[in-house]
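Residue numbers (my numbering), protein chains in the order written: chain A, 1133 to 1332; chain B, 29 to 240.
Where is the CB? At the ideal position from N, CA and C, for every residue including glycine.
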């Protein structure tokens, strides 16, 4: 039921997430923030039951922070994504985390990167990715309109196009969306910007 | 919501993949499709199921893609440790035995992958082998294959393969086999990558295929 959209462009990653927290047919909450910021240079967009998704992502966030404290190094997006994948894959045969994720960030080695992770632990680096039923509607829009090296305004226009399509044709009404972007800042380091907060 | 067992035959068909390895004259080739899909939906079309283990040794891991990724990481680790301890490369035959052994360790909770191994040993003799998900090996002289289009690939490979293929001919044969077969399979295809391994070099080519 969660719709998550990730877009990479020239030195930025945009995450767009719906803000509904549902239990069967009841919408418990309409201002849930499903985009968890790991640090200034990486973030998760999380889909699934609140229990598994926030527990797992907090677990990853805390471990990445611990690594940083112990070694003094911030992991690259590539390394952090692989760590996350391994955590999901190891848990699969013990007690799986039922959460599908998008993991994105910016670092100086790889630029902007976006990883699609499913709850089984399959991972793939992609220029754009969608989790949830939204993928049925929106993947083809990206195939048609996405190009390399988008600017942030172009990325947001693409996101608006996707949201408009979902509002028109997707059965579940998802009126509110949260949008965050991680981009290369003026000082050459990654910076986070909240474009549309979950609580409005 | 999370439904993986309700409407399909096997967990090996959750993602969909086709991989084939063939032997020629002093060369081997291994090829896979590049679809990354979940059930009927295609997520990406640049996910190769063949990993390079060392200079002249490749492994293809069709099946459940999370296990392909985990298992390829474990194999790389074991080969790297072997190289550090023994100060030499692991030969394809030894690697194949190791893969079979690792799979059987998980006999009652297996990795859902059906590995194919292709390489040249230190005398540049071609070596190919394949196995099922619990490590029953097949050492073939001609070709080995696995994946969701396996039956279609068998038909093509049996007709097209002949002994002592040169690297160029081997490339043609393996590409035609793979493409014709996965064109008949709904859940594999969407592009292909072919590695041809000769004593001097490895040539990797991406095929233009039907994108459906």
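So with Cβ pairs under 8 Å, would you call residue 1248(A) a contact of chain B?
yes
Taking DSSP as the reference, what is the three-state secondary structure of residue 1273(A)?
helix
Residues of chain A with a CB under 8 Å from the CB of residue 97(B): which are they?
Neighbours of residue 97(B) in chain A, taken as residues whose beta carbon is under 8 Å from its own, are 1217, 1221, 1253, 1254, 1255 in chain order.
Just the chain C side, please: which residues come within less than 9 Å of residue 69(B) by C-beta, in chain order?
Protein chains A and B are contained in the structure displayed, whereas chain C is not.
Would you say residue 217(B) reaches chain A, if we count a Cβ-Cβ gap shorter than 8 Å as a contact?
no
When the Cα atoms are used, what is the spatial distance from residue 1288(A) to residue 1237(A)?
About 17 Å.
What is the C-beta distance between residue 1207(A) and residue 1196(A), in whole angstroms, given that I count them as a contact (C-beta under 8 Å)?
6 Å
Which one of 85(B), 234(B), 70(B), 81(B) has the shortest CA to CA distance from residue 156(B)?
85(B)
List, in order along the chain, the chain A residues whose C-beta lies closer than 7 Å to that of residue 146(B)?
In chain order: nothing, as chain A lies at least about 23 Å away.
Are the C-beta of residue 34(B) and some C-beta of chain A separated by less than 8 Å?
Confidence at residue 34(B) is low in this model, with a pLDDT of 49, below 50, so its placement is unreliable and the value that follows should be read with caution. Chain A, which has no Cβ nearer than 8 Å to the Cβ of residue 34(B), makes this no.
Give the straight-line distance between the Cα atoms of residue 34(B) and residue 132(B), rounded to the nearest whole angstrom.
Note that residue 34(B) scores a pLDDT of 49, beneath 50, so its modelled location is shaky and nothing firm can be said.
Give the single residue among 1135(A), 1255(A), 1175(A) whose Cα lies nearest to the Cα of residue 1218(A).
1255(A)
Between which residues of its own chain and residue 29(B) is the CB-CB distance below 6 Å, once the five residues before and five after are set aside?
For residue 29(B), the predicted structure reports a pLDDT of 48, less than 50, and the residue's modelled location is therefore unreliable. The matter cannot be settled from this model.
Among 175(B), 72(B), 167(B), which one has its Cα closest to the Cα of residue 140(B)?
For the residues 175(B), 72(B), 167(B), the minimum Cα distance to residue 140(B) belongs to 175(B).
Would you identify the three-state DSSP class for residue 97(B), choosing helix, strand or coil?
If DSSP states are grouped into helix, strand and coil, residue 97(B) belongs with the helices.
Please report the residue range of the beta strand (DSSP E) in which residue 1325(A) lies.
Per DSSP, residue 1325(A) belongs to the beta strand (DSSP E) from 1322-1328.
Taking only the alpha-carbon atoms, compute the straight-line gap between residue 95(B) and residue 149(B) and give it to the nearest angstrom.
Looking at the backbone, the Cα of residue 95(B) and that of residue 149(B) are separated by about 27 Å.
Below 8 Å, can you find three or more Cβ-Cβ pairs linking the region 1170-1178 of chain A to the region 1305-1316 of chain A?
yes
Step through the CB atoms of chain B and report whether any lies within less than 8 Å of the CB of residue 1225(A).
For residue 1225(A), the answer is yes, since a Cβ of chain B falls inside 8 Å of its Cβ.
Rank 125(B), 122(B), 48(B), 56(B) by C-alpha distance to the C-alpha of residue 226(B) and give the top, closest one.
56(B)
Quick one, which of 144(B), 184(B), 188(B), 102(B) has its alpha-carbon nearest residue 168(B)'s?
144(B)
Taking the alpha-carbon of residue 1333(A) as reference, which of 1210(A), 1283(A), 1134(A), 1143(A) has the nearest alpha-carbon?
Past the boundaries of the shown model lies residue 1333(A); chain A is included only from 1133 to 1332, so the question cannot be answered.
Give the range of the beta strand (DSSP E) segment to which residue 1315(A) is assigned.
Per DSSP, residue 1315(A) belongs to the beta strand (DSSP E) from 1309-1316.
Could you give the distance in angstroms between the alpha-carbon of residue 1265(A) and the alpha-carbon of residue 177(B)?
28 Å
Quick one: does residue 1178(A) have its CB under 8 Å from some CB of chain B?
No, residue 1178(A) does not count as interfacial toward chain B.
How is residue 89(B) classed by DSSP in three states: helix, strand or coil?
coil
Can you list, in chain order, the residues of its chain whose CB lies under 6 Å from that of residue 1140(A), leaving out five sequence neighbours each side?
1244, 1246, 1259
Would you verify that the beta carbon of residue 1258(A) is, or is not, closer than 8 Å to some beta carbon of chain B?
For residue 1258(A), the answer is yes, since a Cβ of chain B falls inside 8 Å of its Cβ.
Buried or exposed: residue 1242(A), going by 16 or more other Cβ atoms within 10 Å of its Cβ?
Residue 1242(A) is exposed by the Cβ-count criterion.
From the DSSP output, which residues share a beta bridge with residue 1178(A)?
1233(A)
Given residue 146(B), which residues of its chain have a CB within under 6 Å of its CB, disregarding the five upstream and five downstream residues?
49, 56, 58, 86, 156
What in chain A is Cβ-close to residue 6(B), meaning under 7 Å?
The displayed coordinates of chain B run from 29 to 240. Any statement about residue 6(B) would go beyond what the structure contains.
When you compare each of 108(B), 220(B), 102(B) to residue 117(B) by their alpha carbons, which one comes out closest?
108(B)
Between residue 47(B) and residue 77(B), how many whole angstroms is the CB-CB distance? I'm expecting something under 8 Å.
5 Å
Does DSSP classify residue 205(B) as helix, strand or coil?
helix
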